[in-house]
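Just add 679 to wherever you are in the sequence shown, counting from 1, and you've got the numbering used here. Just below is one structure, and these are the notes that go with it.
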Amino acid sequence: MTECKTGQGRFLEDFKVGELIVHATPRTVTTGDMALYMALYAPRHALASSDDFARSCGLGESPIDSLAAFHFVFGKSVPDVSVNAVANLGYAEGRFFEPVRPGDTLRSESRVIGIKENSNGRAGIVWVRTRGIRGADETVVEYVRWVMVRKRDAASPIPEASIPELRPSIAARDLHVPAGLDFARYDFDVSGDRYALSDYSVGERIDHAGAATVEEAEHMMATRLWQNTARVHFDATLRGDGRRLVYGGHVMSLARSLSFSGMANAQLVAAINGGTHANPCFALDTVRAWSEVLEKSETDNPSVGALRIRTVASKGESRQAKAENGKYNPDILLDLDYWVLIPGPGSMPGQSNPRR
């Protein structure tokens, strides 16, 4: 009898609350990864683009974009968590620590913190807390996500529902400012705009200029870059409409790149408070984005400020994320609540944002 050596991945009944899943295949980040990220998303934030700029901010060589680090860690978890997913639903309690650079080797592990079967008995929701690790045990990024996963057998019993309690947001005092980061000599000419923490007001809305049409080949190439093996992104036979679902992280990075217009100095993502992939994205959808300022704070480093942003990505012209009934409008793709690090009061001593 021939032994079957291939697996189908985990289904809902294979998860157990409290279980620690160590994900396979560590990944060493290269400059080639950075180049491909730029080719796919056209990011322009100076810290991840220029070694000279990074050195002037106390970081040495350029780190990779914060969301690129997120995608590397996320991709490791897919074969064990969401290869049989119906949809990736949301994020919470995300924190970014020391920046990731070419040459760093990342690995991931996830702990199952919740599970709940859907009423139809054919699928359910799994919550995991995923940690991205560099070296022996240094956490570079961690987050909670929840995903709808198919059942192998609708008749299989599932343990009693266990739904985790999650913080609505990361407090500004709990944000991590990377060692050495210093915006005291920040060069506003080369960064792309003059706006620092003091120039943003809570409640302000920023309509980001530009748009990006999703190409079939590009979104599949990006998903492969992260070694994300979820079948719905590649296998057109899995959906009745024959369309490949675009990885939600692809939309996140497109929105982050579009946000350069109006937030060019939001150099690092410090936390993800919450995120929802409100509606599916497909090839040939055109992504636009706008942001709202939710909160602003100084940090222990007077040159570094923290700005809490809600960025909404859409594939249409909706000016509001939700309808009057509280449900997302059908053209809304992403609703992301996150903290960014930006030049603070100590970056411009004695003046209000001069453009040098």
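Cβ coordinates follow ideal geometry from the N, Cα and C atoms, glycine included. Just so it is clear, the structure is predicted and the values come from calculations on it, not from any experiment.
Legend entry - C-alpha distance - residue 1023 paired with residue 733, whole-angstrom precision: 17 Å
Inset, instruction - Put residue 770 into one of helix, strand or coil per three-state DSSP. - result: strand
Legend entry - residue 915: first and last residue of the uninterrupted alpha helix (DSSP H) it sits in: Element bounds for residue 915: n/a, residue is neither H nor E.
Inset, instruction - Count the CB pairs spanning the region 769-778 and the region 848-859 that are closer than 8 Å, and state whether there are at least three. - result: yes
Inset, instruction - With a threshold of 7 Å, establish whether the CB of residue 882 neighbours any heavy atom of the ligand SAM. - result: The ligand SAM is not among the ligands present in this structure, which contains no ligands whatsoever.
Legend entry - Residue span of the beta strand (DSSP E) that contains residue 829, given as start and end: 817-829
Legend entry - the region 870-878 in contact with the region 955-974 per 3-pair CB rule at 8 Å: no
Inset, instruction - With a 10 Å radius around its C-beta and 16 neighbouring C-beta atoms as the bar for buried, classify residue 687 as buried or exposed. - result: exposed
Inset, instruction - Drop a sphere of 10 angstroms on the beta-carbon of residue 763, count the other beta-carbons inside from all chains shown, and report buried for 16 or more, exposed for fewer. - result: buried
Inset, instruction - Please check the pair residue 772 and residue 849, which I expect to be a contact at CB under 8 Å, by giving their CB distance rounded to whole angstroms. - result: 7 Å
Inset, instruction - Round the Cβ separation of residue 967 and residue 901 to the nearest angstrom and send it over; I've been treating them as touching at under 8 Å. - result: With a Cβ gap of about 19 Å, residue 967 and residue 901 do not count as contacting.
Inset, instruction - Ignore the nearest five residues each way along the sequence and tell me which others in residue 737's own chain have a CB closer than 7 Å to its CB. - result: 859, 860, 861
Legend entry - Environment of residue 1035 [buried if 16+ CB atoms lie within 10 Å]: Per-residue confidence for residue 1035 stands at a pLDDT of 37, beneath the threshold of 50, marking its modelled position as unreliable; the derived number appears in the next sentence. Per the 10 Å Cβ criterion, exposed.
Legend entry - CA nearest to the CA of residue 970, picked from 951, 942, 950, 753: 942
Legend entry - Spatial distance of residue 945 from residue 921 (CA atoms): 38 Å
Inset, instruction - State the Cα-Cα distance for the pair residue 918 and residue 961, rounded to the nearest angstrom. - result: 12 Å
Inset, instruction - Could you spell out where the alpha helix (DSSP H) holding residue 746 opens and where it closes? - result: 745-760
Inset, instruction - Could you spell out where the beta strand (DSSP E) holding residue 730 opens and where it closes? - result: Here residue 730 belongs to no beta strand (DSSP E); instead the alpha helix (DSSP H) covers 730-735.
Inset, instruction - With residue 676 as the anchor, note down where its alpha helix (DSSP H) starts and where it stops. - result: Nothing in the structure corresponds to residue 676, since the chain is present only between 680 and 1035.
Inset, instruction - Can you say whether residue 756 is buried or exposed, counting buried as having 16 or more other CB atoms within 10 angstroms of its CB? - result: buried
Legend entry - Contact check, residue 658 vs residue 963, beta carbons under 8 Å: Shown here, the chain extends from 680 to 1035; a query on residue 658 therefore has no answer.
Inset, instruction - With DSSP collapsed to three states, give me the class of residue 714. - result: helix
Legend entry - residue 708 to residue 884 span [Cα, whole Å]: 35 Å
Inset, instruction - Using alpha carbons as the reference points, say which of 731, 739, 829, 928 lies closest to residue 769. - result: 928
Legend entry - Nonlocal neighbours in the same chain, by C-beta distance under 6 Å from residue 973, ignoring five residues either side: 987, 989
Inset, instruction - Look at the Cβ atom of residue 829, then the Cβ atom of residue 802, and state whether they are nearer than 8 Å. - result: yes
Legend entry - Cβ shell of residue 894 (< 7 Å), same chain only, five flanking positions each side left out: 962
Inset, instruction - Indicate the three-state DSSP secondary structure (helix, strand or coil) for residue 698 in the structure shown. - result: coil
Legend entry - Simplified DSSP state of residue 720, which is helix, strand or coil: helix
Legend entry - Simplified DSSP assignment, three categories, for residue 1028: Any reading at residue 1028 is ruled out, since the residue's pLDDT is 37, under 50, leaving its predicted position unreliable.
Inset, instruction - Mind checking which residues open and close the beta strand (DSSP E) that includes residue 983? - result: 983-993
Inset, instruction - Counting only runs of 4+ residues fully inside the region 925-1013, write out the alpha helix (DSSP H) ranges in chain order. - result: 927-937
Inset, instruction - Would you mind sorting residue 881 into buried or exposed? The rule is 16 or more other CB atoms within 10 Å of its CB. - result: exposed
Legend entry - With 16 other Cβ atoms within 10 Å as the buried cut-off, status of residue 701: exposed
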